[in-house]
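The structure appears right after this line, and notes come after that.
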Amino acid sequence: MDLVICTKVGGARKPDKSWIPYNTPENLRSSIENNLRTLKIEQVTLVHFRVMPGVGSFEESMEAMFKMQQEGKILHVGVSNVSREQLEIAMKMGTVASVENMYGHAQRNSMKSHYGDTNGGAEVLDICEANGIPLVPYFSLFLSTPKKDVRIAEIAKKYGINEIQANIAWLLHKSPWILPIPGTSSLAHFEENLKAAEVELTREDMDFLE
130 MDLVICTKVG GARKPDKSWI PYNTPENLRS SIENNLRTLK IEQVTLVHFR
180 VMPGVGSFEE SMEAMFKMQQ EGKILHVGVS NVSREQLEIA MKMGTVASVE
230 NMYGHAQRNS MKSHYGDTNG GAEVLDICEA NGIPLVPYFS LFLSTPKKDV
280 RIAEIAKKYG INEIQANIAW LLHKSPWILP IPGTSSLAHF EENLKAAEVE
330 LTREDMDFLE
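If you're matching positions, the sequence shown starts at 130 in our numbering and goes up one per residue.
Encoded structure:
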């Protein structure tokens, strides 16, 4: 099996949690070339361009990404934190391999935070489904688990699983084009997350969780 190397470009967090933009075509190219040198490879398998609201030109940034794809530095181009309009623009410019937006049971739509506007997966899921583009949800557990939704708790109790597993199971049943990426530093939690794929939610369960 080939190693899939995925990276993300578009910004970096400063100690005060504000963003250092890397959205200019020059900085995007510099970032990708640094990745290639550091990893000692000739091509990055997948690169997500993360949109920073109000920073730089989206079209110019995407043009730079697809240019580097043409040059062979990137195999697949994805986008992250995109609005519906931005996704449609990107799709007209080239092939979008995947979309990485915030999405989880408790927070599906766009929201404002101290990091700036964060675009949700609900606004773009239908586009992804219609065009066969995987939606990779980030913050799916980070925003969902602290809210203690009684419906998730009931489903977890029904199937003898924990609420984390119930959240992951919901994502897997929501759409075949959703690709969950629950992060963990614990092997035990990793094994629990995998078991969520064995849970078979019914149509009634999904309607209840809607």
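All C-beta atoms, glycine included, are put in the ideal place defined by N, C-alpha and C.
Check: Nearest neighbour of Lys286, chosen from Gly201, Phe195, Leu330, Lys221 [CA to CA]; Outcome: Leu330
Check: DSSP-derived helix/strand/coil call for Ala326; Outcome: helix
Check: One or two residues paired with Asp246 in a DSSP bridge; Outcome: Lys241
Check: Cβ-based neighbour list, Lys324, same chain, cut-off 7 Å, excluding 5 preceding and 5 following; Outcome: Gln294
Check: With 16 other Cβ atoms within 10 Å as the buried cut-off, status of Ser190; Outcome: buried
Check: Beta bridge counterpart(s) of Arg179 as assigned by DSSP; Outcome: Ser209
Check: Counted within 10 angstroms of its Cβ, other Cβ atoms place Ala282 as buried (16 or more) or exposed; Outcome: exposed
Check: 7 Å Cβ cutoff met for Val225 and Ile262; Outcome: yes
Check: Spatially closest choice to Val206 from Tyr288, Glu155, Met220, by CA coordinates; Outcome: Met220
Check: Own chain, CB closer than 6 Å to Thr247, minus 5 neighbours either side, in chain order; Outcome: Met231, Met240
Check: Burial state of Gly249 (16 or more Cβ within 10 Å); Outcome: buried
Check: Sheet register partners of Ile297 (DSSP bridge); Outcome: DSSP output for Ile297 lists no bridge partner at all.
Check: Contact test: Ile293 Cβ vs the ligand HEM heavy atom, cutoff 6 Å; Outcome: The ligand HEM is not part of the structure shown, which contains no ligands of any sort.
Check: Same chain only: Cβ atoms within 8 Å of Leu165, ignoring 5 sequence neighbours per side; Outcome: Glu171, Gln172, Val173, Lys202
Check: Integer-rounded CB distance, given that Val265 should sit under 8 Å from Leu308; Outcome: 5 Å
Check: Other residues of its chain near Leu300: CB distance less than 7 Å, five sequence neighbours each side excluded; Outcome: Pro266, Ser269, Ile307, Pro309
Check: Element boundaries [alpha helix (DSSP H), containing Tyr267]; Outcome: No alpha helix (DSSP H) holds Tyr267; the beta strand (DSSP E) holding it covers 264–267.
Check: 8 Å contact criterion, which Thr313 and Glu292 should meet: CB distance rounded; Outcome: No, Thr313 and Glu292 are not in contact; Cβ-Cβ is about 15 Å, not under 8 Å.
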